[in-house]
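Number of protein chains: 2
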Amino acid sequence: MAIEVPPGYEPLGEEKVAAFLAAVPAVPERLGGGPADWSVREVGDGNLNYVYLVDGPHGSVCVKQALPYLRLVGEGWPLGLQRAHFEQLATHVVAPHVGRAVPQILHYDPTLFAIVMEKLSPHIILRRGMVAGIRYPRLAAQIADYMANSLFHTSDLALPARRKKELMAEFCGNWELCGLTEEVIFTQPYMVHPHNRWTSPQLDATAARVRGDTEWKLAAARLKLKFLASPEALLHGDLHTGSVMVTADDTRVIDPEFAFFGPMGFDVGAMLGNLWINFFAQDGHATAESPRAEYQDWVLETAEAVWTGFRERFLALWRGGATGDAYPAALFDGDPDAIRALEAERQAYMDRLFIDSLAFAGAKITRRILGIAHNIDLEWIADPDLRALCETRCLTLARRLMLEPGRFRGIADVSAACRSIRSEVRTVGL
Amino acid sequence: MAIEVPPGYEPLGEEKVAAFLAAVPAVPERLGGGPADWSVREVGDGNLNYVYLVDGPHGSVCVKQALPYLRLVGEGWPLGLQRAHFEQLATHVVAPHVGRAVPQILHYDPTLFAIVMEKLSPHIILRRGMVAGIRYPRLAAQIADYMANSLFHTSDLALPARRKKELMAEFCGNWELCGLTEEVIFTQPYMVHPHNRWTSPQLDATAARVRGDTEWKLAAARLKLKFLASPEALLHGDLHTGSVMVTADDTRVIDPEFAFFGPMGFDVGAMLGNLWINFFAQDGHATAESPRAEYQDWVLETAEAVWTGFRERFLALWRGGATGDAYPAALFDGDPDAIRALEAERQAYMDRLFIDSLAFAGAKITRRILGIAHNIDLEWIADPDLRALCETRCLTLARRLMLEPGRFRGIADVSAACRSIRSEVRTVGL
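Residue numbers (UniProt numbering), protein chains in the order written: chain A, 1 to 430; chain B, 1 to 430.
Shown next, in the form of structure tokens:
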């Protein structure tokens, strides 16, 4: 099937990357030597793009080029190239607030829809590290900081309304990737759809049961409406453990091509939900040589620290100065009663955001088990019965998170639920 | 103070209107005769524009031209001309759904920022009719229909997400008029601001008390955040009784220059709040020859019928077919349990929208008494003590609506509150 592309666009392929980079300002100096000295390696393991790592005698860069179709499915699912534009735009918007938590962008080519950026090394994808049972002691604090800064500074608490509307208008153009989320997260997993897959036959009855669970479907629909019509802040839009690269000390967030103005809980919930998937998946990776019980404790502690750190950091930013048009400082200055009441309002705001985050976490877990895109946390469990058991536990948590998020009074309650589900759910299937 | 305007723009003035219309397609035929035969009369009593009524031997038109400043304040408050663009755009978007509830647009001149439209005759401004104590038996049903159709058909229930994002992006450009609302409705009435005015000295202490009422200010701030970040549907944006023109049989909605994607309750609340202002203001217009007790009953019945009709009509549209991306029909088809649950969800959606509408109604009432722009309902009460009493009653209702909207279990509860406030509040001042 031939896909139409804009004039001048062509997929680079490994062989053309060096020639392309030779003409990009400052990049040849960064790499050192000449194009013949540069090694190029395609490493994209995502679903949407090609990613090339380029090493020269003096330095390295990374080139990410959008493809005109969804790589996961193939050319049968065309996908606009503009997402590369939104990725670099989102990076430019949040970079002043999150510092080196996002890779430095060196160049954007709007004809090739190619981003040249800092190569992250020796970072690996967080999800892979967590499947291998590696601990990242600074992860929680750094992710919490990234989320608090990127979300607070693009919200109505920080941005003047005019500037927020200008940015919102631009990111409305990213409707195609938003539409992908609307379909594959909030719709398809709850209906019969050819893209869905699950551990079969073990979870066949479970998938059918979810499709017949009206309360679950209504919860998904309610979250979808929130996703469609709650532009609280500029989201990353796909903030799972596969969009984070780590070393022992460093945490970097990549791939914001789904960026748009949406509900903050969607980003926070993506991170938390994927941590909880990893918690349940560890039972599929534990061996005598690599027991995972203590690692599971670390995963839950990390999820707790992500939320707690996010909440504290976000509140500190808000207290430190709300420069946006929401909650105008002029109304609450001076009077100690007003200051106390405003603080209570902030706490209530975070309580509401916590509930949103849990519900979205549940949706993100569900789609990874019943929808089109799965996680290696679970996929790499070779024994399908064991995998289906871990997945059953994930879905048990997901349903509670989506249907009754308000019953978790704090993040420790979710950890407790994870532990009790793990010990109580002993058979496959809901 | 000189205000910069785009090249080609000039205020028409009565003398140039005929020459302008002579070159507009189809308009000369509609008017009949030639420019010399056309009478031009400036009638704008709003705050932002000049409005010309033009009569020819065969027919009439209306010309509305944006001025580069806020007419109410004068040239000291410049205001972009683009609002004319958004007015005609909003009219074009909702016209297919509301039929003749909006005036027919005959032409838009983007250089002069002038809209040529159908002249409404013998319509008068609803607010004027209501101050005179005139009943409009079809008003409630027609306004309810207008609101249900315009809001439903531009929401995520009806519009595919892509189309909604395209429209939203465009209306983000109307940030300047949104900013006016953010300031004069949700901020200034709650602080010391040179634009504020009120019946003085009678309400001096009351205005100070509101400025010191933290709970009231927090309620206003919460509503402001909702106004900033809840693009549920394309709002009229200024849907008070001065934006409606009526005859005994006919109801037409004009002046959507504040249009943008916002919370539906803002439109519904604007209409309800202004009806309730009129209810309380009637005591300032009652005379022996024109007693108003029965008219007050009619006003409350009308407010009830507006909400009830809106709720029923909106639900009927939703049941009749949700063509948007929210609450996807594919998830809830067939199964009677799912259909029942979806109906309960719809009812809960309307309950939430009712609470929003009441809270916004309270904000719209408050600003008309303590902010920059007042209503003739109250302004035309000559006796300032009597006016201040009516205004005290309005504010008493407004505070309840804003702080505890959830305590009104239905629209009849608000009518009951109006009646009890009217009989119980006998002295000026909160």
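Every residue, glycine too, gets a C-beta built ideally from N, C-alpha and C.
Rounded to the nearest angstrom, how far is the Cβ of residue i from that of residue j, given a contact under 8 Å?
i, j, result
"Ile372 (chain A)", "His195 (chain A)", "4 Å"
"Glu232 (chain A)", "Met271 (chain A)", "Actually they do not touch by this definition, with Cβ atoms about 16 Å apart."
"Trp198 (chain B)", "Leu370 (chain B)", "5 Å"
"Leu202 (chain B)", "Ala388 (chain B)", "The question names Leu, but residue 202 (chain B) is Gln in the sequence shown. With a Cβ gap of about 3 Å, Gln202 (chain B) and Ala388 (chain B) count as contacting."
"Ala84 (chain B)", "Ala114 (chain B)", "7 Å"
"Val184 (chain B)", "Arg211 (chain B)", "Contact flag wrong, Cβ pair sits at about 15 Å."
"Pro256 (chain A)", "Glu87 (chain A)", "5 Å"
"Met117 (chain A)", "Ile125 (chain A)", "Not a contact, Cβ separation roughly 16 Å."
"Met245 (chain B)", "His123 (chain B)", "4 Å"
"Phe171 (chain B)", "Ala259 (chain B)", "6 Å"
Could you check if residue i is buried or exposed, using at least 16 other CB atoms within 10 Å of its CB as the buried criterion?
i, result
"Arg150 (chain B)", "Checking the displayed sequence, the identity of residue 150 (chain B) turns out to be Ser instead of Arg. Buried: at least 16 other Cβ atoms inside 10 Å."
"Ile143 (chain B)", "buried"
"Arg422 (chain B)", "buried"
"Pro7 (chain B)", "exposed"
"Ser357 (chain A)", "buried"
"residue 500 (chain B)", "One cannot answer for residue 500 (chain B) here, as it falls past the ends of chain B, which runs 1 to 430."
"Ala207 (chain A)", "buried"
"Asp333 (chain B)", "exposed"
"Ser290 (chain B)", "exposed"
"Ser200 (chain A)", "exposed"
"Pro189 (chain B)", "buried"
"Ala288 (chain B)", "exposed"
"Met1 (chain B)", "Bear in mind that the predicted position of Met1 (chain B) carries a pLDDT of just 46, short of 50, making it too unreliable to give a figure here."
"Arg127 (chain A)", "buried"
"His97 (chain A)", "buried"
"His285 (chain A)", "buried"
"Arg393 (chain A)", "buried"
"Glu294 (chain B)", "exposed"
Which same chain residues, not among the five before or five after residue i, have their C-beta less than 6 Å away from its C-beta?
i, result
"Ala281 (chain B)", "Asp377, Leu378, Cys390"
"Ala219 (chain A)", "Met402, Leu403"
"Phe152 (chain B)", "Ala158, Phe314, Leu317"
"Arg41 (chain B)", "Leu53"
"Gln296 (chain B)", "Phe279, Gln282"
"Thr154 (chain B)", "Ala233, Leu234"
"residue 431 (chain A)", "An answer regarding residue 431 (chain A) cannot be provided, because it is not within the stretch 1 to 430 covered by chain A."
"Arg30 (chain B)", "Gly59"
Is the beta carbon of residue i within less than 7 Å of some heavy atom of the ligand HEM?
i, result
"Ala90 (chain B)", "As for the ligand HEM, it is missing from this structure, which has no ligand bound."
Taking DSSP as the reference, what is the three-state secondary structure of residue i?
i, result
"Asn49 (chain A)", "strand"
"Arg409 (chain B)", "coil"
"Met117 (chain B)", "strand"
"His107 (chain B)", "strand"
"Trp175 (chain B)", "helix"
"Glu304 (chain B)", "helix"
"Arg426 (chain B)", "coil"
"Ser230 (chain A)", "coil"
"Leu235 (chain B)", "strand"
"Asp156 (chain A)", "coil"
"Pro328 (chain A)", "coil"
"Trp276 (chain B)", "helix"
"residue 439 (chain B)", "Residue 439 (chain B) falls outside the range modelled here, since chain B spans only 1 to 430, and no answer is possible."
"Ile124 (chain B)", "strand"
"residue 492 (chain B)", "Residue 492 (chain B) lies beyond the residue range present for chain B, which begins at 1 and ends at 430; the question has no answer from this structure."
"Leu167 (chain A)", "helix"
"Met1 (chain B)", "In this predicted model, Met1 (chain B) has a pLDDT of only 46, less than 50, meaning its place in the structure is not dependable enough to derive any value."
For residue i, which residues of its own chain have a beta-carbon under 7 Å away from its beta-carbon, when the five flanking residues on both sides are left out?
i, result
"Cys418 (chain B)", "Trp276, Phe279, Leu300, Leu397"
"Phe266 (chain B)", "Phe227, Leu235, Phe360"
"residue 433 (chain B)", "Outside the shown range of chain B (1 to 430) lies residue 433 (chain B), about which nothing can therefore be said."
"Gly323 (chain B)", "According to the sequence provided, residue 323 (chain B) is Thr. The question's Gly does not apply to it. Within the same chain, Thr323 (chain B) has close Cβ partners Ala158."
Which residues in the same chain as residue i place their Cβ atom closer than 8 Å to its Cβ, once the five residues preceding and following it in sequence are excluded?
i, result
"Leu12 (chain B)", "Phe20, Tyr50, Tyr52, Val63, Gln65, Leu112, Ala114"
I'd like to know if the stretch 393-400 of chain B and the stretch 360-375 of chain B are in contact, where contact means that at least 3 CB-CB pairs between them fall below 8 Å. yes
Counting Cβ pairs, one atom from each stretch, are 3 or more of them under 8 Å apart for the stretch 75-92 of chain A and the stretch 21-35 of chain A? no
Are the stretch 235-252 of chain A and the stretch 321-331 of chain A in contact at 8 Å, needing three or more beta carbon pairs? no
Looking at C-beta atoms only, is the number of pairs between the stretch 164-179 of chain B and the stretch 146-162 of chain A that lie closer than 8 Å three or more? yes
Examine the Cβ distances between the stretch 14-24 of chain A and the stretch 34-50 of chain A and report whether three or more of them are shorter than 8 Å. yes
Just checking, does the stretch 131-143 of chain A make contact with the stretch 129-141 of chain B on the three C-beta pairs under 8 Å criterion? no
Tell me whether the stretch 407-416 of chain B and the stretch 296-312 of chain B touch, counting them as touching only if at least three CB pairs, one residue from each stretch, are closer than 8 Å. yes
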